[in-house]
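Enquirer:
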C-alpha cells in the first residue's frame with residue numbers, strides 16, 4: 001500500500017479551500033523550519049508559509065486542542081510525525097510566539113523539542129470553525145448527546161431544546177458527557193432550562209450571547225470562555241429583574257476538545273491505515 | 289454644616305485631572321440623562337458628557353465593582369444618590385450599552401431603575417488604574433496583607449516576595465483574606481512560591497504575565513482574569529520543562545473589589561459627614 005503523505009492529510013484537512021485571509025491556519029512548525037535565529041521574527045504569514053515536506057510518509061497523527069510540551073512529547077513517543085493543533089504553540093492566538101517572546105526559555109525548550117523530533121505541526125482553527133456547521137460546535141453538541149435536540153446552527157453557536165432540567169442537572173449532564181471535573185455556573189441551580197445556546201471556545205461574550213438569547217428565547221448559555229463582566233453579569237441582572245437566565249462556563253479547552261476528537265475520527269475514517277491519536281491534556285485548572 | 293455636593297465628590301475622585309483620552313471614566317447615568325429614546329445612541333463620549341447636577345447635595349455614596357441591578361436597588365434603599373462603579377452598567381467595557389442593546393429588556397429594566405431613582409452613576413476605572421501606584425492593585429495587595437512584602441509596583445502588576453508557601457497554602461491565604469470561596473489554580477499545589485506577581489482585573493494574559501515572570505524571576509502569577517490559552521498554558525509548559533511555575537485566577541470582580549473598598553475608605557476619610565457604603569455582590573460563579 002502506498003503510504004499516506006503529510007501533504008495528503010493537510011489537503012484533506014483544508015478540503016482544497018484556500019487559507020482564510022488574515023487567519024491563523026497552516027503549518028506552524030516543520031522539519032525544514034529550523035526554528036533558528038533567522039526565524040526569530042517569524043510572523044503569522046511566514047509561519048503559515050512554514051516549510052514542510054509534503055511527500056513525507058505519515059507515521060502517525062496526533063490531534064490536540066493545544067500542542068503542549070507534554071502532548072508533543074507523548075506524540076513523539078507514539079511515533080507521530082504530524083500534529084494537528086487547534087490553538088497555537090506559543091501562548092497567543094496569532095502564531096507570533098517566536099517573535100513576541102524571542103528570548104524566552106519556555107519557548108526555546110519547546111522549539112528545541114520541535115526541532116529534535118522534526119514533527120510537522122498544523123494549526124487548525126479557522127477552517128473547522130468556518131465549516132457549515134462549525135465542526136467544533138458540532139463535535140461538542142455530539143459529545144453532549146444533544147444532536148437529536150438541535151434547533152439551529154448559528155455561525156457562532158448552536159441552539160438545542162431539551163426536556164426541561166434544572167441548571168444543576170444540566171451541569172451534571174455536561175460534566176459526565178465531557179468527562180470534566182467541574183463547571184462554573186452563574187444563575188440559580190434550581191432554575192429549569194429548556195432552550196440552551198452552546199458556544200464553543202471564546203464565544204461567551206455578550207456580543208454573541210445576548211443576541212442569541214433574544215433570538216431564541218434561551219434559558220441558558222453554555223460557553224467555553226468569555227469576559228466575566230459581560231454575559232454572566234447580564235444573566236445576573238436578568239435574574240434579579242425576574243427573567244430567569246443562566247450561564248455555564250466549561251473552560252476553553254473543555255469546550256473545544258470534543259470537536260477536535262471528532263476531527264480525529266474523521267481523519268481515521270478517511271485514512272484507515274494511519275494511526276490517528278486524539279490526545280488530551282489534564283484539566284488546565286484545578287479548583288482550590 | 290454645608291452639605292457635600294455631587295460635584296465635590298466627583299472633583300475629588302478625579303483629583304482635578306482631565307479624563308483620559310479615549311477612556312471610559314465619567315458620569316454614565318444621572319437625573320438629567322433621561323435615558324429616553326433620544327439617548328439610545330449614546331456613545332462613550334456622550335455618556336461621559338452625561339448630564340448631572342453638580343450642586344445636588346450627596347445623600348449617600350455607594351462604591352461597587354459593578355453596578356448590578358441588585359446593588360443599585362440596595363443603594364437606593366440606603367438613600368444613596370451617587371454610585372461609583374468600576375465596571376460599566378451594560379455588560380461591555382465601553383459604556384455603549386444603550387446603543388448596542390437598544391431593545392434589550394434587561395437593559396430597559398435597568399434604565400428604568402436608574403430613571404426612577406435619579407441616582408448619578410460615575411464610571412471609575414481608568415483613573416484609579418493610572419494612579420502611581422495603581423489604586424486597584426494597591427488595594428488588592430493591602431487586602432492580601434502583602435504590603436510589607438512589596439518589591440515593586442509595575443504599571444500593570446505588583447511584585448511581592450513572601451516567606452515560601454506552597455501554592456495550596458497561597459490559595460488558602462488568598463481565599464481567607466479576600467473572603468472568596470475558591471480560586472482556580474494552574475500548577476502543582478505542592479510547589480513552593482516565594483516571588484509572586486499580582487495583576488488585578490483582566491491582566492492575566494501572557495503579554496503582561498510573561499515579561500513580569502522573566503523580569504522578576506516569579507514563581508507564581510495571581511490575576512483576576514485572562515485568556516485561558518495564554519499564561520496558564522505557558523505555566524503548564526514551563527512546569528513540564530522543569531521550571532516550576534504557577535498561576536492563580538481569582539475572578540475579575542474578586543481581584544478588583546478590594547481596590548474599590550479602598551476607594552470607599554478614602555472617600556470616607558475626605559468626606560466624614562457623608563455615608564459611604566462599599567457594596568459587594570455575591571460571587572458571580574459557583575462551581576458545580
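Protein chains in written order, with the numbering used here: chain A, 1 to 288; chain B, 289 to 576.
For every residue, glycine included, the Cβ atom is placed at its ideal position computed from N, Cα and C.
1) If we call anything under 8 angstroms between Cβ atoms a contact, is residue 492 of chain B one with residue 512 of chain B?
2) Check distances from the C-beta atoms of the segment 61-85 of chain A to those of chain B and list, in chain order, the residues that come in under 7 angstroms.
3) Judging by CA-CA distance, which residue of A:56, A:26, A:74 is the nearest neighbour of residue 277 of chain A?
4) Please classify residue 251 of chain A: is it buried, with 16 or more other beta-carbons within 10 angstroms of its beta-carbon, or exposed?
5) Compute the Euclidean distance between the alpha carbons of residue 113 of chain A and residue 525 of chain B, then round it to the nearest angstrom.
6) DSSP beta-bridge partners for residue 287 of chain A?
7) What's the call for residue 260 of chain A, buried or exposed, on a 16-neighbour Cβ count within 10 Å?
8) Distance check for residue 101 of chain A and residue 499 of chain B, CA to CA, integer angstroms please.
9) Distance cutoff 8 angstroms, beta carbons only. Does residue 189 of chain A sit that close to anything in chain B?
10) Looking only at its chain, what residues have a beta carbon closer than 7 angstroms to the beta carbon of residue 6 of chain A, apart from the 5 residues adjacent to it on each side?
11) Please list the terminal residues of the continuous alpha helix (DSSP H) segment that includes residue 239 of chain A.
12) Could you tell me whether the segment 349-365 of chain B touches the segment 186-202 of chain A, where touching means 3 or more Cβ pairs closer than 8 angstroms?
13) Output, in chain order, the set of chain A residues within a Cβ distance shorter than 8 angstroms of residue 481 of chain B.
14) Does any CB atom of chain A fall closer than 8 angstroms to the CB of residue 506 of chain B?
15) Return the Cβ separation of residue 562 of chain B and residue 349 of chain B in integer angstroms, given the expectation that the two are a contact with Cβ distance under 8 angstroms.
16) Going by DSSP in three states, residue 343 of chain B sits in which element: helix, strand or coil?
17) Among residues of its own chain, excluding the 5 on either side of residue 463 of chain B, which ones have a beta-carbon nearer than 8 angstroms to its beta-carbon?
18) What number of angstroms, rounded off, separates the C-alpha of residue 600 of chain B from the C-alpha of residue 272 of chain A?
19) Rounded to a whole number of angstroms, what is the C-alpha to C-alpha distance between residue 150 of chain A and residue 165 of chain A?
20) Determine the direct distance from the alpha carbon of residue 3 of chain A to that of residue 523 of chain B, and round the result to whole angstroms.
21) Where in the segment 459-505 of chain B do unbroken runs of the beta strand (DSSP E), each at least 3 residues long, occur, reported from the N-terminal end onward?
22) Determine the contact status of residue 257 of chain A and residue 286 of chain A, defining contact as a CB-CB distance below 8 angstroms.
23) What residues from chain D crowd round residue 539 of chain B, counting only those whose CB sits closer than 8 angstroms?
24) Less than 8 angstroms between CB atoms is the rule here; does residue 240 of chain A satisfy it with respect to chain B?
25) Which residues share a DSSP beta bridge with residue 363 of chain B?
26) Please list the partners that residue 287 of chain A has in chain B, where partner means a Cβ-to-Cβ separation under 7 angstroms.
27) Beta carbons nearer than 7 angstroms to chain B: which residues of the segment 106-127 of chain A have them?
28) Can you say whether residue 104 of chain A is buried or exposed, counting buried as having 16 or more other CB atoms within 10 angstroms of its CB?
29) Thinking C-alpha only, which one of B:505, B:360, B:514 is nearest residue 241 of chain A?
30) Of all the CB atoms in chain B, is at least one closer than 8 angstroms to the CB of residue 279 of chain A?
31) Output, in chain order, the set of chain A residues within a Cβ distance shorter than 8 angstroms of residue 572 of chain B.
32) Give every residue of the same chain whose Cβ lies closer than 7 angstroms to the Cβ of residue 496 of chain B, excluding the five residues on either side of it in the sequence, and list them in chain order.
33) Taking the straight line between their C-alpha atoms, what separation do you get for residue 485 of chain B and residue 284 of chain A?
34) Report the start-end ranges of each alpha helix (DSSP H) in the segment 420-447 of chain B that is 4 residues or longer and not cut off at the edges.
35) Could you name the residues of chain A that residue 380 of chain B contacts, counting a contact when the two beta carbons are closer than 7 angstroms?
36) What does the alpha-carbon distance come out to for the pair residue 455 of chain B and residue 420 of chain B?
Expert: This is what the structure gives:
1) If you number the second chain from 1, residue 492 of chain B lands on position 204. If you number the second chain from 1, residue 512 of chain B lands on position 224. Between residue 492 of chain B and residue 512 of chain B, the C-beta spacing is below 8 angstroms.
2) Shown in chain order are the members of the segment 61-85 of chain A whose Cβ falls below 7 angstroms from a Cβ of chain B: 66, 68, 69, 70.
3) Residue 277 of chain A sits at position 277 when you count from the first residue of the first chain. Distances from the alpha-carbon of residue 277 of chain A to those of A:56, A:26, A:74 put A:74 closest.
4) Here residue 251 of chain A corresponds to residue number 251 of the first chain, with the count starting at 1. Result: buried.
5) Walking along the first chain from the start, residue 113 of chain A turns up at place 113. Walking along the second chain from the start, residue 525 of chain B turns up at place 237. Those two C-alpha atoms are separated by around 12 angstroms.
6) Taking the first residue of the first chain as 1, we reach residue 287 of chain A at position 287. Paired residues: B:472.
7) The sequence position of residue 260 of chain A within the first chain is 260, counting from 1. So residue 260 of chain A ends up on the buried side.
8) As a position in the second chain, residue 499 of chain B is number 211, starting the count at 1. As a position in the first chain, residue 101 of chain A is number 101, starting the count at 1. Taking the straight line from one Cα to the other gives about 9 angstroms.
9) Taking the first residue of the first chain as position 1, residue 189 of chain A is located at position 189. Closer than 8 angstroms: yes.
10) On the first chain, position 6 is the one that residue 6 of chain A refers to. Correct list, in chain order: 52, 53, 54, 56, 58, 82, 120.
11) Position 239 of the first chain, counted from the first residue, corresponds to residue 239 of chain A. Element bounds for residue 239 of chain A: 231-240.
12) A contact is defined here as three or more CB-CB pairs under 8 angstroms, and the segment 349-365 of chain B fails this definition with respect to the segment 186-202 of chain A.
13) Translated into positions along the second chain, residue 481 of chain B becomes position 193. The premise fails here: residue 481 of chain B is roughly 13 angstroms from chain A at the closest Cβ pair, so nothing lies under 8 angstroms.
14) The residue you call residue 506 of chain B lines up with position 218 of the second chain. Output row for residue 506 of chain B: interface = no.
15) Working through the second chain from its first residue, we reach residue 562 of chain B at position 274. Working through the second chain from its first residue, we reach residue 349 of chain B at position 61. About 6 angstroms separates the two Cβ atoms, so the contact holds.
16) In the second chain, the residue the question calls residue 343 of chain B occupies position 55. Correct three-state label for residue 343 of chain B: coil.
17) Numbered from 1 along the second chain, position 175 holds the residue referred to as residue 463 of chain B. Cβ within range, chain order: 469, 470, 471.
18) Residue 600 of chain B falls outside the range modelled here, since chain B spans only 289 to 576, and no answer is possible.
19) Start at 1 with the first residue of the first chain, and residue 150 of chain A comes out as number 150. Start at 1 with the first residue of the first chain, and residue 165 of chain A comes out as number 165. Distance between the alpha carbons of residue 150 of chain A and residue 165 of chain A: 16 angstroms.
20) Here the question's residue 523 of chain B lines up with position 235 in the second chain. Here the question's residue 3 of chain A lines up with position 3 in the first chain. Going by the C-alpha atoms only, they are around 38 angstroms apart.
21) Segments of the beta strand (DSSP E) lying fully in the segment 459-505 of chain B: 472-474, 480-487.
22) Numbered from 1 along the first chain, position 257 holds the residue referred to as residue 257 of chain A. Numbered from 1 along the first chain, position 286 holds the residue referred to as residue 286 of chain A. Not closer than 8 angstroms, so no.
23) Given the protein chain composition of this structure (A and B), no chain D is represented.
24) The residue given as residue 240 of chain A occupies position 240 in the first chain. By this cut-off, residue 240 of chain A is an interface position.
25) As a first step, residue 363 of chain B is located in the second chain; it is residue number 75 there, counting from the start. DSSP lists no partner for residue 363 of chain B.
26) Counting from one through the first chain, the residue named residue 287 of chain A turns up at place 287. Those are 470, 472, 575, listed as they occur along chain B.
27) 106, 109, 110
28) Position 104 of the first chain holds residue 104 of chain A. Residue 104 of chain A should be labelled buried.
29) Here the question's residue 241 of chain A lines up with position 241 in the first chain. Per the Cα distances, B:360.
30) Position 279 of the first chain, counting from 1, holds the residue named residue 279 of chain A. Taking CB atoms only, residue 279 of chain A has no neighbour in chain B less than 8 angstroms away.
31) Here residue 572 of chain B refers to the residue found at position 284 of the second chain. Neighbours of residue 572 of chain B in chain A, taken as residues at a C-beta separation under 8 angstroms, are given in chain order as 186, 228, 232, 233, 236.
32) Counted from its first residue, the second chain places residue 496 of chain B at position 208. Counting only Cβ-Cβ distances below 7 angstroms, and skipping sequence neighbours, we find 444, 445, 487.
33) Indexing the second chain from 1 puts residue 485 of chain B at position 197. Indexing the first chain from 1 puts residue 284 of chain A at position 284. The straight-line gap from Cα to Cα measures roughly 20 angstroms.
34) 423-431
35) For the purposes of this step, residue 380 of chain B is identified with residue 92 of the second chain, where counting begins at 1. Ordered by position in chain A, the residues that pass the 7 angstroms Cβ test against residue 380 of chain B are 206, 230.
36) Residue 455 of chain B sits at position 167 when you count from the first residue of the second chain. Residue 420 of chain B sits at position 132 when you count from the first residue of the second chain. Near 29 angstroms, if we compare the C-alpha coordinates of residue 420 of chain B and residue 455 of chain B.
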